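One structure is given below, encoded as structure tokens.
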Amino acid sequence: MKTEIITISPNGTGADKALELTEKTGAYCALDHKSSLRLRLLSEEIIELMRTFTNELIGEFWLETKDEVVEIHLKTDIPMDLKTKKEIISVSSSGKNSAAKGLMGRIREMIADAALPDDPETKAMTEQALGLMALGCQMGTYSGSYSWSMSTYVASLEKAYDVQTEAKDAKDELEKSIVANLADDVTVHIINSAVEITVYKSFV
């Protein structure tokens, strides 16, 4: 089952409707109070990602249910330039809001690197630019196409945990992350400036 699509923006427009839709989906799946709360928390986290971007940005939010798994989707188009990227990185680094730190902050920075046009000045989208997030990233069959998954990222961090200080810090972030603790997986698919983030949660 796929729900209706809710339009949301960084200024918060549509967020309440998206959370209401999340609660309706939980009821449709006959989730208990605790499971419904977890689903809402995951939706809140993915919606919060929008808050860093320009208010002109429009996102599409919806949920899908497949057997015992609920998927939370956020799809948007981010016309990226160097100025926008610097703004995103600045917010992530300063930690001015709850979504600016940790795993979600790393995902935001990864999106900024991936969506920024690859030109001689910026040299975006290299493994060096992605840092540790490259551990969960796969390049597509053509330039401008990338996929990242939290499960691959976590598995790679486990291998690097004992030998890299940065990997240790990243693992500590995961332990504190609502998304990492509640979700079964998170994927990010980027094709040029089009970005789709999906959170997977099983309620078996």
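Counting from 1022, one number per residue, gives the positions in the sequence shown under our numbering.
Each residue gets a CB set at the ideal place from its N, CA and C atoms; glycine is no exception.
Here the structure is a predicted model, which means the values were calculated and not measured.
Beta bridge counterpart(s) of residue i as assigned by DSSP
i       : result
His966  : Only positions 1022 to 1225 of the chain appear in the structure, and residue 966 is not among them; the question remains open.
Leu1084 : Ile1093
Start and end residues, beta strand (DSSP E) containing residue i
i       : result
Lys1096 : 1090–1098
Asp1206 : 1206–1212
Gly1047 : That residue, Gly1047, is in no beta strand (DSSP E); its alpha helix (DSSP H) goes 1036–1049.
Val1220 : 1215–1223
Ser1170 : 1166–1170
Backbone secondary structure at residue i - three-state DSSP
i       : result
Glu1025 : coil
Ile1199 : helix
Val1175 : helix
Thr1064 : Correcting the residue type first, residue 1064 is Ser in the shown sequence and not Thr. Helix.
Gly1033 : coil
Gly1116 : Its pLDDT being 44, under 50, Gly1116 is placed unreliably by the model, and nothing is read from it.
Would you call the stretch 1025–1045 in contact with the stretch 1076–1093, where contact means no fewer than 3 C-beta pairs closer than 8 Å? yes
Any 3 or more C-beta pairs closer than 8 Å across the stretch 1046–1054 and the stretch 1066–1073: no
Using a Cβ distance threshold of 8 Å, determine whether the stretch 1186–1194 contacts the stretch 1205–1220, with at least three qualifying pairs required. Verdict: no, contact absent.
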